[in-house]
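A.B. asks: Quick one: the structure is below, questions incoming.
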Amino acid sequence: MAETGESKKEETDYKRLHSFPLIRHTDMPEEMRVETMELCVTACEKFATNNESAAKMIKESMDKKFGSSWHVVIGEGFGFEVTHEVKNLLYMFFGGSLAVCVWKCS
Amino acid sequence: MPVPQKAGTVRSKQGSNAHSQSKAPAVKNSKIYSKKKDDEDWTELGDGGDEWTQGKTLLKPPDQLDLSEAELKEEFTRILTANNPHAPQNIVRYSFKERSYKPISSVDQLAVHFVLEGNLLHKDSDEARRQRAKQGLQEEKPAEASVAETEDKPDGPADVAEDAGDAEEGAGDERPDSVDVKPGIKERKLTNQFNFSERASQTLNNPLRERGCQTEPPPRATFSATANQWEIYDAYVEELQKQEKNKEKQKALLSKKEEDKGKKKTTMVENPSDDITKVAKVSKIVERMVTQNTYDDIAQDFKYFEDASDEFQEQEGTLLPLWRFQYDKAKRLSVTALCWNQKYKDLFGVGLGSYDFTKQGRGMLLFYSLKNSTYPEFIFPTLSGVMCLDIHKQLSYLMAVGFYDGCVAVYNLKDDGPQPVYKSTAKTGKHTDPVWQVKWQEDDIDNNHNFFSVSSDGRVVSWTLVKNELVFTDIIKLSIEGPINEGQEGMQLPAMACGTSFDFHKQTDYLFLVGTEEGKIHKCSKFYSSQLLETYVAHNMAVDAVKWNHFHPKVFISCSSDWTVKIWDHTIKSPMFTFDLNAAVGDVAWSPYSSTVFAAVTTDGKVHVYDLSVNKYEAICQQAVVAKKKTRLTHIEFNPVYPIIIVGDDRGYVTSLKLSPNLRKKPKEKKGQELPKGPEVEVAKMEKLLCLLREPESTSND
């Protein structure tokens with residue numbers, strides 16, 4: 001009993017501790033990176049249950065801001081190999097279990 | 001006047017053409033004969049030429065009726081009616097109702113003389129409208145052409161086009177509300193040729209040219225990764241750990257640079273171009289492997305070689321040269337300090353500077369490891385020559401350094417930078433003369449680290465590391481005892497003695513010895529700042545080193561440039577042993593494993609090892625360890641664990657030597673004696689020796 005209680009506590013703690021956005025790999029310039037990261041965080045928080053809508057929102061905003069055409073993948077378990085335009089890739093974690101990959105390639 | 005009548009009469013005549021056909025031409029002729037000249041519409045109705053020749057005689061055609069004159073004068077009234085003379089007056093039609101022929105009452109009197117199918121349409125009829133829609137422009141052009149002719153324009157077609165354009169626009173503007181406005185309908189602007197004059201011209205249009213260009217596409221790169229729950233978790237855990245470390249760092253060192261570094265790390269940007277630092281650790285290991293493979297035989301000797309010849313040489317031993325440590329940039333400097341690291345037994349520090357008063361330049365602080373003899377592990381260049389060095393016993397990354405210019409500094413090996421963590425300046429009480437020795441002490445009451453330094457300016461100073469500063473306290477000021485110069489008007493200025501070395505007692509911490517340039521050794525206490533406990537007249541020249549015995553609490557050794565090494569009991573004013581080494585002695589050191597073994601180095605490049613329990617008068621080993629005879633050995637240190645010594649010389653080389661078994665003799669242990677008793681055995685050994693000496697000494701002193 002105590003163990004499950006502890007593990008639950010650990011889980012919530014871990015989620016709380018680990019929900020900050022963590023950029024794993026990027027080659028974007030500074031302002032672009034910050035903007036994109038904020039956009040991803042906003043989108044994921046807004047559409048917490050629906051990855052597709054979140055991805056849609058991110059993709060459309062990126063297309064408007066930085067030109068076509070962007071691709072966005074959001075998920076909890078996937079592997080990928082993509083070709084992207086140099087200086088237009090962002091790969092980050094968020095929310096303890098979500099991974100977001102945003103890249104541009106027309 | 002006569003014209004309209006003529007026309008009318010001609011027509012009536014024509015109506016009764018069948019009757020009076022013959023008369024008409026005659027009448028016509030006469031009429032024609034007298035027509036007026038300005039009436040140009042008349043068409044010629046016959047020949048005019050024959051009438052002249054005929055005159056006025058009346059010709060009667062042959063078939064004309066011959067009537068009497070009375071009958072000729074008879075008037076016939078003719079009534080013009082609208083009746084068609086050709087129309088039948090008695091048309092009868094069959095009526096099926098009455099089954100008989102019935103006469104029609106009214107007969108159609110209309111006589112059609114001429115029928116021509118026309119193609120005119122009323123302009124508002126449907127067909128007309130339809131046609132207008134289709135043929136709007138075509139109708140306009142003929143209309144325009146006619147207008148152009150009447151208006152007498154010099155530029156025909158261009159103006160027509162211009163007019164057409166203007167008119168179109170005008171038409172378009174004027175009839176915007178018309179529902180059925182067809183694109184071709186124009187209403188002509190009512191312009192008269194007096195107020196309006198239209199001008200138009202055509203500019204030169206440059207010829208068109210096609211140009212094409214293809215840009216290089218933006219560069220692309222591939223990237224691949226896997227996003228799993230465990231990867232995410234690991235990344236977060238790592239990030240949190242890094243953040244915690246950064247927080248600690250920030251608390252410890254409050255410099256701006258540290259904060260910037262911390263900020264950079266928290267943004268978690270991995271720079272893929274930063275490859276060299278990742279390889280640093282690996283390359284270090286590989287370097288060591290390569291070095292050890294190259295010098296494999298030395299490493300084997302270090303570990304396992306025991307000089308077999310020692311069995312045959314009863315008392316004497318040898319020194320086996322092992323690695324030789326040298327650094328290119330330190331070639332011109334002499335080794336001025338050596339110190340082993342207590343924690344990492346293979347790491348030792350070398351201070352480099354110059355003993356020559358005239359040749360002072362920069363200095364260096366190097367740290368070598370036995371595992372890598374080709375290159376120093378740490379390098380700290382310094383502005384002034386390093387004169388002494390001490391590594392803290394517990395915190396083995398802290399070292400205290402004394403410089404030729406009188407400064408002391410504390411270096412932290414954990415720091416990356418070449419700068420010392422603390423450095424004394426003129427304001428903070430640095431020495432005015434070279435610092436000859438520094439030694440770490442126990443942490444004081446406030447848990448601050450502190451160390452002592454002795455210098456030629458005669459001060460023994462204690463330095464405490466308080467936060468970011470070095471706080472100094474003068475412990476003792478050495479003064480020369482004995483006859484003081486009276487050269488200056490009878491005033492007796494106490495001259496300062498110059499301290500050249502010191503050592504703290506191993507057990508009683510407050511007790512320490514200071515050797516001076518005058519050749520005296522003073523015994524002092526930390527608590528008495530003005531008084532010296534004892535003074536020993538030791539040597540004729542400067543005391544280069546003074547060292548307490550590691551085991552025996554009363555014994556210390558001193559060496560000097562007057563070629564002698566002396567062993568003392570601090571309770572007795574005269575030395576117990578004196579050894580003459582035939583050359584100026586640079587340094588002397590007790591061995592850590594035996595209370596009776598010590599080694600000394602001389603300026604003729606020799607190392608002398610003595611074991612008092614074996615031979616009280618002579619060295620059991622005297623060996624030259626440097627190739628060139630001119631190099632002088634400056635320092636010597638025993639490794640606390642391994643049976644090796646390191647020797648520094650004035651060319652910047654450090655040579656390591658292994659002690660042969662004879663040099664490391666421990667008293668034969670009887671079975672049952674255990675190691676913890678080691679120190680005591682050593683003490684007892686020394687005591688025995690001293691006892692032998694003391695009694696005759698005391699008797700001789702008497």
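These protein sequence lines are chains A and B, in that order. Residues in the first sequence are numbered consecutively from 1, following UniProt numbering. Residues in the second sequence are numbered consecutively from 1, following UniProt numbering. For each residue, glycine too, the CB sits at the ideal point set by N, CA and C.
(1) Can you find a C-beta in chain A that's less than 8 Å from the C-beta of B:N246?
(2) Quick one: is A:S97 near chain B, going by C-beta distance under 8 Å?
(3) Do you know how far the Cα of B:L120 is from the Cα of B:R99?
(4) Going along the chain, which residues of its own chain have a beta-carbon closer than 8 Å to the beta-carbon of B:T564, five neighbours each way excluded?
(5) Cutting at 8 Å between CB atoms, please list the residues of its own chain near B:Y101, excluding the five before and the five after it.
(6) Strictly by DSSP, which residues pair up with B:N412?
(7) Just mark B:V607 as buried or exposed, buried being the case when its beta carbon has 16 or more other beta carbons within 10 Å.
(8) By the criterion of Cβ-Cβ separation under 7 Å, what are the contact partners of B:F229 in chain A?
(9) Spatial neighbours of A:S61 within its chain, please: CB distance less than 7 Å, with the 5 preceding and 5 following residues excluded, ordered by chain position.
(10) Roughly how many angstroms separate the alpha carbons of B:L507 and B:E231, rounded to a whole number?
(11) Could you spell out the range, first to last residue, of the beta strand (DSSP E) harbouring B:A235?
(12) Answer with buried or exposed for B:K430, where buried requires no fewer than 16 other C-beta atoms within 10 angstroms of its C-beta.
(13) What is the rounded straight-line gap between the Cα of B:A330 and the Cα of B:Q292?
(14) Could you pull the start and end residues of the beta strand (DSSP E) that B:S369 belongs to?
(15) In this structure, what does DSSP give as the bridge partners for B:I391?
(16) In chain order, what residues of the same chain lie with their CB nearer than 8 Å to the CB of A:M37, ignoring the 5 residues before and after it?
(17) Which stretch, first to last residue, makes up the alpha helix (DSSP H) that contains B:I475?
(18) Measuring straight from C-alpha to C-alpha, what distance separates B:D544 and B:D474?
(19) Please tell me whether B:T277 has its Cβ less than 8 Å away from any Cβ of chain A.
(20) Look at the alpha carbon of B:F378 and the alpha carbon of B:F367, and state the distance between them as a whole number of angstroms.
(21) Look at the Cβ atom of B:V386, then the Cβ atom of B:G417, and state whether they are nearer than 8 Å.
(22) Which residues in the same chain have their Cβ closer than 7 Å to the Cβ of B:H571, if we skip the five residues on either side of it in sequence?
(23) Taking the alpha carbon of B:K566 as the point to measure from, which residue in B:Y653, B:V588 and B:S283 has its own alpha carbon closest?
(24) Can you confirm whether B:P219, when its beta carbon is compared against all beta carbons of chain A, has any partner nearer than 8 Å?
(25) What residue range does the beta strand (DSSP E) around B:N450 cover?
(26) Which residues in chain B have a C-beta closer than 7 Å to the C-beta of A:L89? List them in chain order.
(27) Would you mind sorting B:D457 into buried or exposed? The rule is 16 or more other CB atoms within 10 Å of its CB.
(28) What would DSSP say about B:A280, mapped onto helix, strand or coil?
(29) Assign B:N447 to one of three DSSP states: helix, strand, or coil.
(30) In whole angstroms, what separates the C-alpha of B:K477 from that of B:D310?
(31) Just curious, the beta strand (DSSP E) that B:K520 is in, first and last residue?
(32) Alpha carbons only, please: which of A:E76, A:S106, A:G96 and A:V100 is nearest the one belonging to B:E239?
(33) Name the chain A residues whose beta carbon is nearer than 8 Å to that of B:T226?
(34) Using 8 Å for Cβ pairs, my map puts B:V435 next to B:S462. What's the rounded Cβ distance?
(35) How many Å lie between B:V421 and B:V401 at the Cα?
(36) Measure from the C-beta of B:A235 to each C-beta in chain A and report whether the shortest distance is under 8 Å.
C.D. replies: Reading off the structure:
(1) no
(2) yes
(3) 46 Å
(4) H539, T578, F579, D580, L581 and V585
(5) V92, R93, Y94 and S95
(6) B:L398
(7) buried
(8) Note that residue 229 of chain B is Gln in the sequence shown, not Phe. The contacting residues are E76, G77 and S97.
(9) L39
(10) For the record, residue 507 of chain B in the displayed sequence is Gln; it is not Leu. Answer to the nearest angstrom: the Cα atoms are 56 Å apart.
(11) Taken as a continuous stretch (DSSP letters only), B:A235 belongs to no beta strand (DSSP E), being part of the alpha helix (DSSP H) at Q229 to A252.
(12) buried
(13) 23 Å
(14) G363 to S369
(15) B:M399
(16) P21, I23, L90 and M92
(17) Careful: B:I475 lies outside any alpha helix (DSSP H), inside the beta strand (DSSP E) at E469 to K477.
(18) 22 Å
(19) no
(20) 5 Å
(21) no
(22) Here residue 571 of chain B is Thr; the residue named in the question, His, does not match the sequence. K554, listed in sequence order.
(23) B:V588
(24) yes
(25) N450 to S455
(26) F223
(27) buried
(28) helix
(29) coil
(30) 49 Å
(31) K520 to S525
(32) A:G96
(33) F78, G79 and F80
(34) Contact flag wrong, Cβ pair sits at about 13 Å.
(35) 11 Å
(36) yes
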